[in-house]
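Colleague:
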Amino acid sequence: MNNIIYTYIIPTYHLKFDMLFKYMTLSYQKSRIYSLLKDKDKINCLLSEIFTKVIYSLVSKKKMDLIHIERKNNGKPFIENCIDFFFNISHSTEYIIFTHTNHEIGCDIELIQYLEKSIIYHFFTKNEIILFENKTNKIKPNFFSTLVWTRKEAFFKLKGTGISDEITSIETVISTDKNCYFCSYVFNNYIISLCSHLKKNVFFKYVNTLEFLNILNTNSGGNYGYSKNNLDLHSLCRCFSNINIPKVELFY
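The sequence shown begins at 102 in this note's numbering and counts up by one.
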């Protein structure tokens with residue numbers, strides 16, 4: 102895992118919160134989930150937590166009920182007593198992106214869409230604005246603006262902070278910062294961007310969410326405190342499919 106970023110694409114557009122209700126016993130943040138007004142937000146919150154515990158359980162061989170997710174002072178989640186497993190999560194209306202590696206990582210997924218020019222001129226750097234306005238630029242404006250925005254989001258999620266005034270100085274396209282690497286990919290009509298301190302290879306897996314939940318339910322027997330030895334690894338591998346996603350290459 103040293104030079105690899107594993108990124109899972111988890112479709113949620115076909116889920117209803119009632120389908121996940123029985124998995125609430127897994128959650129350490131039940132009150133927060135119930136306080137969310139929209140079912141989509143509840144689904145994203147609960148499924149993200151479940152998936153984090155399952156993946157770390159597979160990697161570490163720890164029981165899920167011994168895995169505790171905490172939050173740093175800046176709000177970024179981390180796994181207690183773990184020094185070599187870093188993860189980040191992003192939600193859209195249709196997908197959850199879960200990415201993990203052995204160093205800090207940030208990710209974002211956004212639907213390619215129109216971004217108000219007032220936002221572009223306020224938050225983008227001078228170089229990014231010049232590239233956006235370049236009439237010879239073959240990249241469509243909506244694509245370019247979404248690309249830049251997802252990279253900025255991924256940068257701040259790497260740091261574990263909210264968007265700040267620093268956003269106007271973060272170069273996401275033409276960057277000389279050797280401690281900050283961006284990469285972006287196109288999936289359906291979405292852009293997925295990752296940001297890390299080290300340049301790494303990215304492997305994508307697509308998750309069959311319904312099969313994943315079914316395997317979790319079958320192997321747990323309703324207890325959900327299983328160890329790796331009790332998991333049906335063959336079945337679990339069937340619901341994770343390797344997927345090749347086009348990488349965005351920018352030439353100017």
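We treat Cβ as the ideally placed atom computed from N, Cα and C, and that holds for glycine.
Excluding five sequence neighbours on each side, which residues of the same chain lie with their C-beta closer than 6 Å to the C-beta of residue 254?
Modeller: Once the five neighbours on either side are set aside, the close Cβ partners of residue 254 are 209.
Colleague: Could you spell out where the beta strand (DSSP E) holding residue 259 opens and where it closes?
Modeller: Note, residue 259: premise wrong, no beta strand (DSSP E); alpha helix (DSSP H) at 242–260.
Colleague: How is residue 221 classed by DSSP in three states: helix, strand or coil?
Modeller: Helix.
Colleague: Starting from residue 189, trace the beta strand (DSSP E) both ways and give me its first and last residue.
Modeller: Its beta strand (DSSP E) spans residues 187–192.
Colleague: Which term fits residue 108, buried or exposed, when burial requires 16 or more other beta carbons within 10 angstroms of its beta carbon?
Modeller: Buried: at least 16 other Cβ atoms inside 10 Å.
Colleague: For residue 146, count neighbouring C-beta atoms within 10 Å of its own C-beta (all shown protein chains included) and say buried if the count is 16 or more, exposed if not.
Modeller: Buried.
Colleague: For residue 234, does the count of other Cβ atoms within 10 angstroms reach 16, so buried, or fall short, so exposed?
Modeller: Classification for residue 234: exposed.
Colleague: To test your reading of the DSSP string, which unbroken alpha helix (DSSP H) runs of 4 or more residues are found completely within the stretch 150–210?
Modeller: For the stretch 150–210, not a single whole alpha helix (DSSP H) run of length 4 or above is found.
Colleague: In terms of residue numbering, what span does the alpha helix (DSSP H) encompassing residue 118 cover?
Modeller: First-last of the alpha helix (DSSP H) with residue 118: 118–121.
Colleague: By the three-class DSSP mapping on this structure, what secondary structure does residue 269 have?
Modeller: Of the three classes helix, strand and coil, the one that applies to residue 269 here is helix, per DSSP.
Colleague: Closest to residue 311 by CA distance: which of 106, 232 and 117 is it?
Modeller: Selected option, being the one with the closest Cα: 117.
Colleague: Roughly how many whole angstroms lie between the Cα atoms of residue 207 and residue 106?
Modeller: Each residue's Cα considered, the two are about 11 Å apart.
Colleague: Nearest by alpha-carbon distance to residue 182: which of 189, 194, 169 and 191 is it?
Modeller: Minimum Cα distance to residue 182 is reached at 169.
Colleague: Give me the Cα-Cα distance between residue 245 and residue 346, rounded to the nearest whole angstrom.
Modeller: Roughly 18 Å separates the two Cα atoms.
Colleague: Mind checking residue 338: buried by the 16 CB within 10 Å criterion, or exposed?
Modeller: Under this definition residue 338 is an exposed residue.
Colleague: Alpha carbons only, please: which of 172, 158 and 282 is nearest the one belonging to residue 302?
Modeller: Here the closest residue by C-alpha is 282.
Colleague: Go ahead and label residue 267 buried or exposed: buried means 16 or more other beta carbons lie within 10 angstroms of its beta carbon, across all protein chains shown.
Modeller: Exposed, by the Cβ-count rule.
Colleague: Kindly list the residues whose CB is nearer than 6 Å to the CB of residue 342, restricted to its own chain and excluding five residues on each side of it in sequence; keep chain order.
Modeller: Once the five neighbours on either side are set aside, the close Cβ partners of residue 342 are 307.
Colleague: Hey, could you find the ends of the beta strand (DSSP E) residue 239 is sitting in?
Modeller: Note, residue 239: premise wrong, no beta strand (DSSP E); not H, not E.
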